[in-house]
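Trainee:
Residue numbers (this note's numbering): 3 to 344.
1. Would you mind working out which of 325, 331, 61, 310 sits nearest residue 75, comparing C-alpha positions?
2. In this structure, what does DSSP give as the bridge partners for residue 61?
3. Using three-state DSSP, classify residue 297 as helix, strand or coil.
4. Cα-Cα, which of 223, 323, 246 is closest to residue 294?
5. Determine the direct distance from the alpha carbon of residue 56 to that of residue 207, and round the result to whole angstroms.
6. Using C-beta distances below 6 Å, list every residue in its chain close to residue 141, excluding the 5 sequence neighbours before and after it, in chain order.
7. Quick one: Cα of residue 79 to Cα of residue 15, how far?
8. Does the separation of the CB atoms of residue 244 and residue 309 fall below 8 Å?
9. Is the beta carbon of residue 234 less than 8 Å from the beta carbon of residue 177?
10. Compare the C-beta of residue 67 with all C-beta atoms of chain D and state if any pair is closer than 8 Å.
11. On the CB-based measure, 16 or more other CB atoms within 10 Å of its CB, does residue 69 come out buried or exposed?
12. Alpha carbon to alpha carbon, how far is residue 221 from residue 20? Give it in angstroms, no decimals.
13. Please report the straight-line C-alpha distance between residue 35 and residue 322, rounded to a whole angstrom.
14. Tell me whether the region 254-262 and the region 127-147 touch, counting them as touching only if at least three CB pairs, one residue from each stretch, are closer than 8 Å.
15. Between residue 275 and the ligand FMN, is the CB less than 7 Å from at least one heavy atom?
16. Which two residues bound the contiguous alpha helix (DSSP H) that contains residue 221?
17. What first and last residue would you give for the beta strand (DSSP E) that runs through residue 232?
18. Considering Cα atoms alone, identify which of 18, 23, 28 is closest to residue 3.
19. Determine, using beta-carbon pairs with one atom in the region 110-124 and one in the region 151-168, whether at least three such pairs fall under 8 Å.
20. Under 8 Å, do residue 45 and residue 12 count as touching if we go by C-beta distance?
21. Are at least three pairs of beta-carbons, each pair with one atom in the region 96-103 and one in the region 134-149, less than 8 Å apart?
22. Can you tell me the Cα-Cα spacing of residue 200 and residue 151, whole angstroms?
23. Just the C-alpha distance for residue 72 and residue 82, rounded to the nearest angstrom, thanks.
24. Sort 137, 238, 202 by Cα distance to residue 183 and report the nearest one.
25. So, at 6 Å on beta carbons, what are the nonlocal neighbours of residue 43 in its own chain, with the 5 sequence-adjacent residues on each side left out?
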């Protein structure tokens, strides 16, 4: 049986990525696509790279008939999704790609996003969508909150280490580089080619980045006590990809063995041999995350480097991975595309 899905916000980067991946999915059919300013347009006119597909026209959300829809992907802006989801049928399964349901504590949401949450009952219902660590909950969920792409990268590098207690929890530093598509498709002056190309810069530094709310929530729950990492992201003039360099205090060999053991049976998480380092070019356009571990010249320290594609494993690929579980489909369906190289 083929499941029918709707994609709300299909004119953005994550919406287009959902369409690209679902085009070869054997168990899912795209039944409806929504957009705001581009409603009424063909998807091929918005994204010419998808013109070979027979897709529904973009509609306003209130024009979609959800009676025949099994699952809805919400690729909408932050703060918009909570209002939209609250108005959708309660029988509809939902995978949200925004930040609206990632944080369990309403006070933490208000702290990081600057406004009160308007759908607290739904926030309590939502399951955090880091697939490899919440599989059972996701299978049974109606509403799944996709992670932030930066937050996912850092967590893949650190969760097993925190769970095992093999690193110093008070000495964790995440230095992260991200491609520009992570900032969305809306026009922004600082993302113009002349403003961005030829250089790089940090942003939301000094403990101000919103994904710190996810790190605080998830790492503290794992440790059973507050864990506060230091985190600085940087924007690189590349389209896709995230590279997180994570500095920890711990035995390098034990750090590597802990990650390799934790991810041994994970299809999408690849731990490289000790001393080998990953590159964003090796995961572009794919749902894979590569992780490398090296020692440091200062004894008792290790560096963990994790890479993933922010639009795929960090967002839309993760969303499909979760949807597969929610719909009772093979978890890897539609997601085994090889990375694009060069």
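Note that CB positions come from ideal geometry on N, CA and C, so glycine has one too.
Mentor: In terms of the structure at hand:
1. Taking the first residue of the chain shown as position 1, residue 75 is located at position 73. Among 325, 331, 61, 310, the Cα nearest to that of residue 75 is on 325.
2. Position 59 of the chain shown, counting from 1, holds the residue named residue 61. Looking at the DSSP assignment, residue 61 forms a beta bridge with 36.
3. In the chain shown, counting from the first residue as 1, residue 297 sits at position 295. Strand at residue 297.
4. For the purposes of this step, residue 294 is taken as residue 292 along the chain shown, with counting starting at 1. Of the listed residues, the one whose Cα sits closest to residue 294 is 246.
5. Reading the chain shown from its first residue, position 205 is the one you call residue 207. Reading the chain shown from its first residue, position 54 is the one you call residue 56. Using only the alpha carbons, I get a separation of about 43 Å.
6. Locating residue 141 in the chain shown gives position 139, where the first residue counts as 1. Here the set comprises 327.
7. Indexing the chain shown from 1 puts residue 79 at position 77. Indexing the chain shown from 1 puts residue 15 at position 13. One C-alpha to the other measures close to 12 Å.
8. Locating residue 244 in the chain shown gives position 242, where the first residue counts as 1. Locating residue 309 in the chain shown gives position 307, where the first residue counts as 1. Result yes, Cβ atoms of residue 244 and residue 309 sit closer than 8 Å.
9. Taking the chain shown and counting its residues from 1, the one referred to as residue 234 is at position 232. Taking the chain shown and counting its residues from 1, the one referred to as residue 177 is at position 175. The answer is yes: Cβ separation under 8 Å.
10. The structure shown contains no chain D, having only a single protein chain.
11. To locate residue 69, count along the chain shown from 1; it is residue 67. Under this definition residue 69 is an exposed residue.
12. As a first step, residue 20 must be located in the chain shown, where it is residue number 18. As a first step, residue 221 must be located in the chain shown, where it is residue number 219. One C-alpha to the other measures close to 29 Å.
13. Taking the first residue of the chain shown as position 1, residue 35 is located at position 33. Taking the first residue of the chain shown as position 1, residue 322 is located at position 320. Straight-line Cα distance between these residues: approximately 16 Å.
14. no
15. Among the ligands in the structure shown, none appear at all, so the ligand FMN cannot be discussed.
16. Along the chain shown, one-based indexing puts residue 221 at 219. Counting along the chain, the alpha helix (DSSP H) containing residue 221 begins and ends at 214-225.
17. Translated into positions along the chain shown, residue 232 becomes position 230. Residue 232 -> beta strand (DSSP E) spans 232-237.
18. Walking along the chain shown from the start, residue 3 turns up at place 1. Closest option to residue 3, Cα to Cα, is 28.
19. The region 110-124, when compared against the region 151-168, does not touch it at the 8 Å Cβ threshold.
20. Residue numbering aside, residue 45 sits at position 43 when the chain shown is read from its first letter. Residue numbering aside, residue 12 sits at position 10 when the chain shown is read from its first letter. Contact check for residue 45 against residue 12 passes: the beta carbons are separated by less than 8 Å.
21. Contact between the region 96-103 and the region 134-149 is present, because at least three Cβ pairs lie under 8 Å.
22. Reading the chain shown from its first residue, position 198 is the one you call residue 200. Reading the chain shown from its first residue, position 149 is the one you call residue 151. Their Cα atoms are separated by approximately 24 Å.
23. On the chain shown, position 70 is the one that residue 72 refers to. On the chain shown, position 80 is the one that residue 82 refers to. Computed Cα separation, rounded: 21 Å.
24. As a working note, residue 183 is residue 181 in the chain shown. Considering only alpha carbons, the answer is 238.
25. Along the chain shown, one-based indexing puts residue 43 at 41. If we look at residue 43 and ignore the five residues flanking it on each side, its Cβ neighbours are 60.
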